[in-house]
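Asks: Just so it is clear: in the sequence shown, position 1 is 520 by the working numbering, and no numbers are missing. Think of the CB as a built atom: it goes at the ideal place given N, C-alpha and C, for glycine as much as any other residue.
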Amino acid sequence: MAGSNVVSLSGGKDSTAMLLMLLERGEDVADIVFYDTGWEFPQMYEHLARLEEFTGLKITRLNARIPNGTASDKKGLDWLFADAPVIKRGTSIVHRVGYGWPFPSGRWCAGRKQAALRAHFQAMTYRQDVQLPVWQCIGFAADEVKRRNNLKVGSRWYNHRFPLIEWEITEKDALAYCRKLGFDWNGLYEQFHRLSCFCCPLQSLDELRALRRNFPSLWKRMLLMESWLPEGIQRRFNTSTVSGLDARFAAEEAI
520 MAGSNVVSLS GGKDSTAMLL MLLERGEDVA DIVFYDTGWE FPQMYEHLAR
570 LEEFTGLKIT RLNARIPNGT ASDKKGLDWL FADAPVIKRG TSIVHRVGYG
620 WPFPSGRWCA GRKQAALRAH FQAMTYRQDV QLPVWQCIGF AADEVKRRNN
670 LKVGSRWYNH RFPLIEWEIT EKDALAYCRK LGFDWNGLYE QFHRLSCFCC
720 PLQSLDELRA LRRNFPSLWK RMLLMESWLP EGIQRRFNTS TVSGLDARFA
770 AEEAI
């Protein structure tokens, strides 16, 4: 296929398998791009380091930036979460501070990630060492065709490509392939259906229970994050507040 493959790497099983299969098939990979939220599991950073060692390729890491001169001790998404001025739509009025917890129908964090990726892929088209068109390789599996169909495809700057769908690789296939090559994320897939931010609003209650039980430092960080938010303003996480879930899970364990 003419053009340059640039891998959108989430770090999970599907995008990892896609990267490794592209290389196994002898396809050129011009860049590997990972958006670092700062809210990743520690095991994810270990996985990325292992991927770089295994492939011999450097992973480009993007992250959220805050305006110069901003008076805040928070960085990246933490600042957006708790301190960023939120403008009322259609006005210049700041009606609250901080976006608060992302929620399933309004994941502002995903919007920041997509904006950063779009800017990076557009910039790739100006590089002399990159052959046009640029293909943004997205790790949707063969049993996720609906996600592909719901995605806005195409751009004047680059095109989307879905290698796992091309090759009919399912999510189960992708995980088995990664494990065969020795990638196991230190057991994260035994506890979580999908690997995302530790504070992702799409986690089930069972996954949140596992997070509190097995990753107490991350759970404490979520409690700290909740304390940054004004009382009564976007404090809800999943079906409750984090402190409410903490009390609920503690009561369950006491039975």
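In the DSSP assignment, find the unbroken beta strand (DSSP E) run with Asp550 in it and report its ends.
Replies: In the sequence shown, the residue the question calls residue 550 occupies position 31. Asp550 -> beta strand (DSSP E) spans 548-555.
Asks: Could you give the residue range of the alpha helix (DSSP H) that holds Pro735?
Replies: As a first step, residue 735 must be located in the sequence shown, where it is residue number 216. 735-747 is the span of the alpha helix (DSSP H), which, as asked, contains Pro735.
Asks: For Ser762, collect the residues of the same chain with a Cβ closer than 7 angstroms to its Cβ; drop the 5 residues on either side in sequence, then sort them by chain order.
Replies: For this step, residue 762 is matched to residue 243 along the sequence shown. Hits under 7 angstroms: Leu742, Glu745.
Asks: In the DSSP assignment, find the alpha helix (DSSP H) that holds Leu636 and state where it starts and stops.
Replies: Taking the first residue of the sequence shown as position 1, residue 636 is located at position 117. Segment 627-643, the alpha helix (DSSP H) holding Leu636.
Asks: Whole angstroms is fine: what's the gap from Val552's alpha carbon to Ser527's?
Replies: For the purposes of this step, residue 552 is taken as residue 33 along the sequence shown, with counting starting at 1. For the purposes of this step, residue 527 is taken as residue 8 along the sequence shown, with counting starting at 1. About 5 angstroms.
Asks: Does DSSP put Val616 in a helix, in a strand, or in coil?
Replies: To locate residue 616, count along the sequence shown from 1; it is residue 97. Looking at Val616 - three-state DSSP - the assignment turns out to be strand.
Asks: Could you check which residue in Leu539, Phe711, Arg615, Trp598 has the C-alpha nearest to that of Phe606?
Replies: Within the sequence shown, the letter at position 87 stands for residue 606. The sequence given here places Ile at residue 606; Phe does not occur at that position. The shortest Cα separation from Ile606 among Leu539, Phe711, Arg615, Trp598 belongs to Arg615.
Asks: List the endpoints of the continuous alpha helix (DSSP H) containing Ser723.
Replies: Walking along the sequence shown from the start, residue 723 turns up at place 204. First-last for Ser723: undefined, no H or E at that position.
Asks: Identify, in the order they occur along the chain, each residue of the same chain with its Cβ nearer than 7 angstroms to the Cβ of Asp662, setting aside the five sequence neighbours on each side.
Replies: Here residue 662 corresponds to residue number 143 of the sequence shown, with the count starting at 1. Excluding sequence neighbours, Asp662 sits near Thr689, Glu690.
Asks: Extract the residue ranges of the beta strand (DSSP E) inside the region 659-708, only unbroken runs of 3 or more that lie entirely within it.
Replies: Those beta strand (DSSP E) runs which fall completely within the region 659-708 and span 3+ residues are 678-680.
Asks: I need the straight-line Cα distance from Glu546 to Leu539, nearest angstrom please.
Replies: Counting from one through the sequence shown, the residue named residue 546 turns up at place 27. Counting from one through the sequence shown, the residue named residue 539 turns up at place 20. Taking the straight line from one Cα to the other gives about 10 angstroms.
Asks: Touching or not, the region 555-569 and the region 703-721, by the rule of three or more beta carbon pairs under 8 angstroms?
Replies: Cβ pair count under 8 angstroms is three or more, so yes.
Asks: Quick one: what does DSSP say Gln655 is sitting in, helix, strand or coil?
Replies: Taking the first residue of the sequence shown as position 1, residue 655 is located at position 136. Reduced to three states, the DSSP call for Gln655 is strand.
Asks: CB Tyr554 to CB Leu581, shorter than 8 angstroms?
Replies: To locate residue 554, count along the sequence shown from 1; it is residue 35. To locate residue 581, count along the sequence shown from 1; it is residue 62. Closer than 8 angstroms, so yes.
Asks: Could you compute how far the alpha carbon of Asn678 sits from the alpha carbon of Glu750?
Replies: Translated into the one-based positions of the sequence shown, residue 678 becomes position 159. Translated into the one-based positions of the sequence shown, residue 750 becomes position 231. About 44 angstroms.
Asks: When the Cα of Thr535 is compared with those of Gly522, Ala521, Glu571, Thr556, which residue comes out closest?
Replies: As a first step, residue 535 must be located in the sequence shown, where it is residue number 16. Comparing Cα-Cα distances from Thr535 to each of Gly522, Ala521, Glu571, Thr556, the minimum goes to Glu571.
Asks: For Asn524, which beta-bridge partners are listed by DSSP?
Replies: As a first step, residue 524 must be located in the sequence shown, where it is residue number 5. DSSP, once it has assigned bridges, lists Val548, Trp654 as partnering Asn524.
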